[in-house]
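In our numbering, the protein residues as written are 680 to 951.
Glycine is no exception: its CB is placed at the ideal position from the N, C-alpha and C atoms.
Notes to accompany the following structure.
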Ligand SMILES: [Zn+2]
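Now the structure itself:
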């Protein structure tokens with residue numbers, strides 16, 4: 680059931696949930712800042728001139744059969760995204776790339792540790808310890824797993840960024856933009872960090888809520904509730920997840936269920 684207010688109204692939180700979301704927001708903001716700074720240093724100087732030239736030459740002719748034109752546009756989007764991704768992947772050999780991965784690893788560990796603290800705080804109904812953002816204080820840390828997660832996050836961001844650059848490039852070519860306008864459009868898309876923000880925020884959300892689940896399990900909680908959170912209304916996916924409460928701990932759908940999902944989990948039967 681959609682079209683209803685979230686259980687946790689992010690604009691009017693109080694008590695422990697206010698502290699939990701404030702902590703999560705601070706961690707995400709810090710990670711976004713750190714990752715984007717590293718990203719800008721590795722992507723600086725990446726030259727997509729040849730990709731832009733190829734796209735300009737392959738712009739589809741106007742008119743013709745609409746179905747065929749749509750198919751050709753989709754094909755062009757895929758081919759262009761693949762070409763951009765091939766270039767973006769080159770930055771993984773840049774000297775600054777390991778530093779970007781290291782920043783991601785640290786952010787994921789902080790988020791997992793913070794999620795565990797948040798889970799205990801929700802369990803206790805007390806926000807003790809949530810004003811400390813922690814550093815690499817994750818007792819359950821696993822270097823190999825964190826490294827793999829960081830590479831997965833980075834790969835997802837590069838792929839999403841390639842699709843965005845391709846879409847913007849093709850739209851601008853179709854709109855008749857000049858080559859220099861295309862170059863500056865690409866430069867902006869590469870450096871604005873928007874795709875990284877969305878990707879990193881989503882990844883941190885997963886790790887944070889999973890950390891909360893780890894804390895609940897450590898406290899002997901056997902059933903979890905999915906809790907919708909948002910500013911105005913709840914999307915159907917998350918509303919349905921909440922309507923199916925409670926869940927055995929092992930089968931709760933861990934939010935975020937989609938990009939920008941702010942939902943959470945709590946011990947079943949908790950009062951909000
Ligand atoms: Zn949600």
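### Message
By the three-class DSSP mapping on this structure, what secondary structure does residue 774 have?
### Response
Here residue 774 sits in coil by DSSP.
### Task
For residue 680, I'd like the list of residues in its chain whose CB is within less than 8 Å of its CB, leaving aside the five on either flank, ordered along the chain.
With a pLDDT of only 47 at residue 680, under 50, the local geometry of the prediction cannot be trusted, and the value read off the model is given with reservation. Sequence-distant Cβ neighbours of residue 680 in its own chain, meaning closer than 8 Å and more than five residues away, are 915, 918, 919 and 922.
### Task
Determine the burial state of residue 938: buried for a count of at least 16 other Cβ atoms within 10 Å of its Cβ, exposed for fewer.
That one is exposed.
### Message
Going by C-alpha to C-alpha distance, which of 737, 717, 798 and 695 sits closest to residue 903?
### Response
Closest in C-alpha terms to residue 903, from the list 737, 717, 798 and 695, comes 798.
### Task
Report yes or no: do the stretch 710–728 and the stretch 770–786 share at least 3 C-beta pairs separated by less than 8 Å?
By the Cβ test, the stretch 710–728 is in contact with the stretch 770–786, since at least three Cβ pairs between them sit closer than 8 Å.
### Query
So which residues put a beta carbon under 5 Å from any heavy atom of ligand 3, going in chain order?
No copy of ligand 3 appears in this structure; the ligands present are ligand 1.
### Query
On the premise that residue 852 lies in contact with residue 868, defined as a C-beta separation below 8 Å, what is that separation, rounded to the nearest angstrom?
Not really, about 14 Å apart at Cβ, beyond 8 Å.
### Task
Quick one: grab the DSSP three-state call for residue 680.
Note that residue 680 has pLDDT 47, beneath the 50 cutoff, so the model's placement of it is unreliable and the number below is only indicative. Secondary structure of residue 680 (DSSP, three-state): coil.
#### Entry: Inter-residue spacing [alpha-carbon to alpha-carbon] between residue 924 and residue 689
Each residue's alpha carbon lies about 21 Å from the other.
### Task
Could you please give me the residues that DSSP links to residue 926 through a beta bridge?
DSSP lists 903 as the beta-bridge partner residues of residue 926.
#### Entry: Secondary structure of residue 856, DSSP reduced to three states
Coil at residue 856, not helix or strand.
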